[in-house]
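Quick notes on the structure that follows.
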Amino acid sequence: MWQVIVSMIGVLAHRVSAHGGALNYTVGETWYPGYDPYGDQTMQDSADWMVQRKWITNDPIFETSNHSLSCNTPGNPARSYIPITAGQNITAAYAYWVHTVGPMIAWLAHCANDANDCTTFDSSTADWFKIGQKGLLEGSIETGVWFQKAFSHWDGSPSLWSETIPKSLKPGKYLIRHEIISLHSANKPQFYPECAHLDVKGSGEAAKAPGKEYLVKIPGVWSMDQPEINLDIYQPEVSTRTEYIIPGPSVWTGS
Ligand SMILES: [Cu+2]
């Protein structure tokens, strides 16, 4: 539990920079601390309990082609895994999330090397699929309530984002990637991705990788040619719209 506290302190100390990310995870009642970008790197790099890939700044990524878009900067593999059974929820915990506009997407990718070993898997080769996403809940694009706004507590208590691992997912080792896309700067989207390692148990029979229509490379899935990514939310014809279609492939629910 002390690791959790350390992570939260790290964010308190640096929240002036006004960004953030997924700091910890919970499955059931168990907390799994992530990498504190402002904590002791030497300690965390050698930590056998680490389940989250390394990230060293909570600044956003601006370029849709940036190599770090897959698992942040530098994205080095962790040594451990979060155990989870297909059908269970995993919750990502954020603190002081300050942005309010834009979608949030949870992705999985099978660690598709010979040993099915995420600790040696290159995320740039991953075939990612969505398992859940949250968008505009009510109102209009500029002033309405997005999940990104609704989930944030603003007081330092953990802001929680839960998604379900599809029940029919075949057991194995997977990357999970939580991505917040913030759209408050006109035509300058901000991407906040973090990755963790999952050891999925269960009796699922569905393919390790869902059908091709669900799979994307990251970077690759986003581009400045997409009107949902490259937009000015303050332009009247955009700001007043009450529908925002989250771009990318459909969510794979496993059925
Ligand atoms: Cu920010």
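Residues -18 to -1, 1 to 237 (mature numbering (1 follows the signal peptide of the UniProt record, and there is no 0)) are what the sequence shown spells out, left to right. Glycine included, every Cβ here is placed at the ideal spot set by N, Cα and C.
Since I believe residue j is in contact with residue i (beta carbons under 8 angstroms), could you give me their beta-carbon distance rounded to a whole number of angstroms?
i    : j    : result
P231 : Y196 : 5 angstroms
K116 : T82  : That belief does not hold up - the Cβ atoms of K116 and T82 are roughly 13 angstroms apart, past 8 angstroms.
Y14  : V33  : 5 angstroms
D137 : K155 : That pair is no contact at about 36 angstroms.
Can you tell me where the beta strand (DSSP E) with residue i in it begins and where it stops?
i    : result
K116 : F111 to K116
K183 : Q172 to K183
S164 : G154 to S164
V9   : N6 to V9
A168 : Per DSSP, A168 belongs to no beta strand (DSSP E) and is neither H nor E.
A91  : M86 to H92
P15  : T12 to P15
A74  : N71 to Y76
Does any heavy atom of ligand 1 sit closer than 7 angstroms to the C-beta of residue i?
i    : result
P42  : yes
V80  : yes
Q172 : yes
H160 : no
H49  : no
I135 : Sequence check: residue 135 is His here, not Ile. No, the Cβ of H135 stays beyond 7 angstroms of every heavy atom of ligand 1.
H179 : no
H1   : yes
At what residues does the alpha helix (DSSP H) containing residue i begin and finish?
i    : result
T146 : That residue, T146, is in no alpha helix (DSSP H); its beta strand (DSSP E) goes S141 to T146.
T24  : Q23 to D27
P218 : P218 to S221
Pairs of beta-carbons, one from the stretch 176 to 190 and one from the stretch 204 to 218, closer than 8 angstroms: are there three or more? With the cut-off at 8 angstroms, the stretch 176 to 190 and the stretch 204 to 218 do not touch.
Determine contact between the stretch 105 to 124 and the stretch 74 to 91, defined as no fewer than three beta-carbon pairs at a distance below 8 angstroms. The stretch 105 to 124 vs the stretch 74 to 91: in contact.
Any contact of the stretch 147 to 162 with the stretch 117 to 126, i.e. 3+ C-beta pairs under 8 angstroms? Flag = no, the stretch 147 to 162 and the stretch 117 to 126 do not touch.
Three or more C-beta pairs under 8 angstroms: does that hold for the stretch 58 to 75 against the stretch 5 to 24? In short, these stretches touch, since the Cβ pair count reaches three.
Take every Cβ of the stretch 160 to 172, pair it with every Cβ of the stretch 96 to 105, and state whether three or more of those distances are shorter than 8 angstroms. At 8 angstroms Cβ cutoff, the stretches do not touch.
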